[in-house]
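Let me begin by presenting the structure, written as structure tokens, before commenting on it.
In this note's numbering, the protein residues as written are 2 to 152.
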């Protein structure tokens, strides 16, 4: 099992309870894992491979805002109503991942406050990182020259 990312932040006994809800899945290169705006009812932790996160841009191809890989959390929109994906996701290499049903995890979190705290703390950090990446990438693509760099 991966001991990085999400799995490194959750204490072992809580991690074991979470992993009991997971199942291994795989996606071939080019598979659309989810579409922006569709129902967010699950999430994944990537074991191997890479996934491009993209944003719909009217009149253009989707803009890839970040590529994630081993140990990374794929999907956070299941946490926040209305539980619709904020981005799209496509496998850029063969992907193996652990898939979790969001409702089952939310029910477990209701019974296990320590897991709830650890998981939501990690998800909030992921949301912040993805927001920064999306902002920077979109400024690089569509903003005035030099607007996407660090301040």
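Every residue, glycine too, gets a C-beta built ideally from N, C-alpha and C. None of the values given here were measured: they were computed from a predicted structure.
- When secondary structure is reduced to three states using DSSP, residue 48 falls in the strand class.
- By the Cβ rule, the segment 101-114 counts as touching the segment 27-44, because three or more pairs are nearer than 8 Å.
- The segment 10-22 makes contact with the segment 120-133; the number of CB pairs closer than 8 Å reaches 3 or more.
- When secondary structure is reduced to three states using DSSP, residue 134 falls in the helix class.
- Distances from the CA of residue 94 to each of 48, 7, 15 were compared; the closest alpha carbon is that of 48.
- Residue 58 is classed as exposed because its beta carbon has fewer than 16 other beta carbons within 10 Å across all chains shown.
- If you keep only unbroken beta strand (DSSP E) runs of at least 3 residues inside the segment 30-74, you get 33-35, 43-49, 52-56, 64-69.
- Annotated three-state conformation of residue 119 is helix, per DSSP.
- Beta-carbon to beta-carbon, residue 64 and residue 74 are separated by about 21 Å, too far to satisfy the 8 Å threshold.
- Its chain contains 109, 113, 116 as the residues whose beta carbon lies nearer than 8 Å to that of residue 18, once the 5 sequence neighbours on both sides are disregarded; these appear in chain order.
- Beta-bridge analysis with DSSP links residue 102 to 43.
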